[in-house]
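K.L.:
Per numbering that gives the first Met the number 0, the sequence shown runs over residues 0 to 215. For glycine and all other residues, C-beta sits at the position ideal for the given N, C-alpha and C. Quick caveat: nothing in here was measured; it's all calculated off a predicted structure.
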Amino acid sequence: MTDSFEAKGRRKRLVAVLRQKGITDEEVLRAIDTVPRHLFMDPAFLNHAYIDKAFPLSSGQTISQPYTVAVQTSLLRIKKRDKILEVGTGSGYQAAVLAEMGAKVYTIERYRDLFLKAQKTLISLGYEVDFFYGDGYEGKSQYGPFDGIIVTAAAPEVPSALLQQLKNGGRLVIPIGGSISQVMTVAVRTSDNTFEYTDHGNFIFVPMLKGTVNAK
Ligand code: SAH
0 MTDSFEAKGR
10 RKRLVAVLRQ
20 KGITDEEVLR
30 AIDTVPRHLF
40 MDPAFLNHAY
50 IDKAFPLSSG
60 QTISQPYTVA
70 VQTSLLRIKK
80 RDKILEVGTG
90 SGYQAAVLAE
100 MGAKVYTIER
110 YRDLFLKAQK
120 TLISLGYEVD
130 FFYGDGYEGK
140 SQYGPFDGII
150 VTAAAPEVPS
160 ALLQQLKNGG
170 RLVIPIGGSI
180 SQVMTVAVRT
190 SDNTFEYTDH
200 GNFIFVPMLK
210 GTVNAK
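1) Just to confirm, are tyrosine 136 and proline 158 a CB contact at a threshold of 8 Å?
2) If the criterion is Cβ atoms closer than 8 Å, does the pair isoleucine 107 and phenylalanine 145 meet it?
3) If you run the structure through DSSP and keep just helix, strand and coil, what is phenylalanine 114?
4) Could you round the C-beta distance between serine 57 and aspartate 112 to whole angstroms and report it? I think they count as a contact, below 8 Å.
5) What are the boundary residues of the alpha helix (DSSP H) that aspartate 129 is part of?
6) Please name the residue in Val86, Leu75 and Ala6 whose C-alpha comes closest to that of tyrosine 110.
7) Within 7 Å: the Cβ of glutamine 93 and any heavy atom of the ligand SAH?
8) Use the C-beta contact count for glycine 210: other C-beta atoms within 10 angstroms, 16 or more gives buried, fewer gives exposed.
9) Is any heavy atom in the ligand SAH found nearer than 7 Å to the beta carbon of lysine 209?
10) Straight-line CA distance for asparagine 213 to glutamine 181?
11) Looking at the structure shown, is glutamine 141 part of a helix, part of a strand, or coil, going by DSSP?
12) Please report how far the alpha carbon of histidine 47 lies from the alpha carbon of tyrosine 66, in whole angstroms.
13) Run the proximity test for threonine 189: is its beta-carbon closer than 7 Å to any non-hydrogen atom belonging to the ligand SAH?
14) Does any residue of chain C have a CB that is nearer than 8 Å to the CB of aspartate 24?
15) Excluding the five sequence neighbours on either side, which residues of its own chain have a C-beta within less than 8 Å of the C-beta of isoleucine 22, listed in chain order?
16) Keeping to the same chain, check which residues put their C-beta closer than 7 Å to that of isoleucine 175; ignore five residues upstream and five downstream.
17) So what does tyrosine 105 bridge to, in DSSP terms?
18) Sorted by chain position, which residues of the same chain lie with C-beta nearer than 8 Å to leucine 17's C-beta, five sequence neighbours on each side aside?
19) Kindly indicate which three-state DSSP category serine 90 falls into: helix, strand or coil?
20) With distance defined between alpha-carbon atoms, name the residue in Asn192, Ala186, Pro206 and Asp191 nearest to aspartate 198.
21) Under a Cβ-count criterion, where at least 16 other Cβ atoms within 10 Å of its own Cβ denotes burial, should arginine 188 be classed as buried or exposed?
22) In this structure, does DSSP put phenylalanine 204 in helix, strand or coil?
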């Protein structure tokens with residue numbers, strides 16, 4: 000698995016598209032310019048890797064659209080060495096973007112084959128990320144509390160276990176809603192018992208489901 004000049008050129012054009020669409024966080028844009036998204040997809044799809052579209056993975060899941068990755072990552076407001084929990088590893092691309100920005104990343108996936116594949120991809124690219132096969136509704140309290148939690152699947156409501164695993168001042172970024180479309184929601188923990196919610200536009204994600212799947 001290698002990067003290439005062609006892929007680098009395509010990434011520069013993708014970053015320009017994301018700027019046009021309103022992404023302004025330079026650290027996020029730098030990470031997207033650096034992480035070789037095509038290596039998180041089937042190698043036959045270089046043509047698709049750097050257009051601003053979601054793309055199918057195995058198990059009926061999808062690698063999020065680059066714009067969506069950019070919005071969610073910007074909303075987390077990551078600082079270097081922040082502890083970030085991701086729910087929904089999928090291809091591992093979002094986890095790589097977070098790691099590229101200097102975060103300490105913990106990521107959970109409920110599909111065993113995706114969990115294994117993403118782990119392999121990130122290790123081969125030299126990213127140090129902690130992977131878990133499990134149900135992200137429970138979070139990972141033994142590794143918390145977290146500076147930020149990002150959920151990359153659509154939840155019907157904010158899971159309370161995730162709120163409880165935020166540090167004071169920590170941010171949870173999660174698409175909330177039904178199957179047709181969801182509202183990108185940020186919950187900031189303002190004290191032990193208080194959370195402030197803001198909305199950030201409509202998106203479409205695969206659903207956040209309970210339990211695990213140990214099959215292809
Ligand atoms: N962040 C991914 C996009 C993943 S798509 C990427 O960069 O490629 C959403 C993922 O969330 C799917 O892989 C799906 O299996 C996973 N998922 C859904 N519900 C989950 C849950 N309860 N716990 C962990 N992962 C979950």
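P.N.:
Concretely, from the data shown:
1) To locate residue 136, count along the sequence shown from 1; it is residue 137. To locate residue 158, count along the sequence shown from 1; it is residue 159. Cβ distance < 8 Å, so tyrosine 136 and proline 158 count as in contact.
2) Your numbering for residue 107 matches position 108 in the sequence shown. Your numbering for residue 145 matches position 146 in the sequence shown. No, the pair does not count as a contact, with Cβ atoms beyond the cut-off.
3) Stepping through the sequence shown from its first residue, residue 114 is reached at position 115. Residue state, collapsed to three classes: helix.
4) Against the sequence shown, residue 57 aligns to sequence position 58. Against the sequence shown, residue 112 aligns to sequence position 113. The Cβ separation is near 6 Å, so the contact holds.
5) For the purposes of this step, residue 129 is identified with residue 130 of the sequence shown, where counting begins at 1. Unbroken run through aspartate 129 is the beta strand (DSSP E), 129-132; no alpha helix (DSSP H).
6) Residue mapping note: residue 110 aligns to position 111 of the sequence shown, counting from 1. With distances taken between Cα atoms, tyrosine 110 lies closest to Val86.
7) Against the sequence shown, residue 93 aligns to sequence position 94. True, at least one ligand heavy atom lies under 7 Å from that Cβ.
8) One-based indexing of the sequence shown puts residue 210 at position 211. Counting Cβ neighbours within 10 Å, glycine 210 comes out exposed, since fewer than 16 surround it.
9) Here residue 209 refers to the residue found at position 210 when the sequence shown is read from its first residue. Flag set: Cβ of lysine 209 near the ligand SAH.
10) On the sequence shown, residue 213 is found 214 positions in, with the first residue counted as 1. On the sequence shown, residue 181 is found 182 positions in, with the first residue counted as 1. Their Cα atoms are separated by approximately 27 Å.
11) Position 142 of the sequence shown, counting from 1, holds the residue named residue 141. In the structure shown, glutamine 141 sits in a helix (DSSP, three-state: H, G or I).
12) Locating residue 47 in the sequence shown gives position 48, where the first residue counts as 1. Locating residue 66 in the sequence shown gives position 67, where the first residue counts as 1. Spanning the two alpha carbons is a distance of roughly 14 Å.
13) Walking along the sequence shown from the start, residue 189 turns up at place 190. No, since every heavy atom of the ligand SAH falls outside the 7 Å radius drawn around the Cβ of threonine 189.
14) Going by chain labels, chain C is absent from the structure shown, which holds only one protein chain.
15) Position 23 of the sequence shown, counting from 1, holds the residue named residue 22. Around isoleucine 22: Leu28, Tyr66, Ala69, Val70 and Ser73.
16) By 1-based counting over the sequence shown, the position of residue 175 is 176. Ala154, Glu156, Val157, Gln181, Val182 and Thr184, listed in sequence order.
17) Within the sequence shown, the letter at position 106 stands for residue 105. Beta-bridge pairing links tyrosine 105 to Leu84 and Asp129.
18) On the sequence shown, residue 17 is found 18 positions in, with the first residue counted as 1. Hits under 8 Å: Leu28, Ile31, Asp51, Pro65, Tyr66 and Ala69.
19) Sequence index remark: in the sequence shown, residue 90 carries index 91 (1-based). Coil.
20) For the purposes of this step, residue 198 is identified with residue 199 of the sequence shown, where counting begins at 1. Residue Ala186 is the option with its Cα nearest to aspartate 198.
21) Here residue 188 refers to the residue found at position 189 of the sequence shown. By the 10 Å Cβ count, arginine 188 comes out buried.
22) The residue you call residue 204 lines up with position 205 of the sequence shown. Phenylalanine 204: coil per DSSP, three-state reduction.
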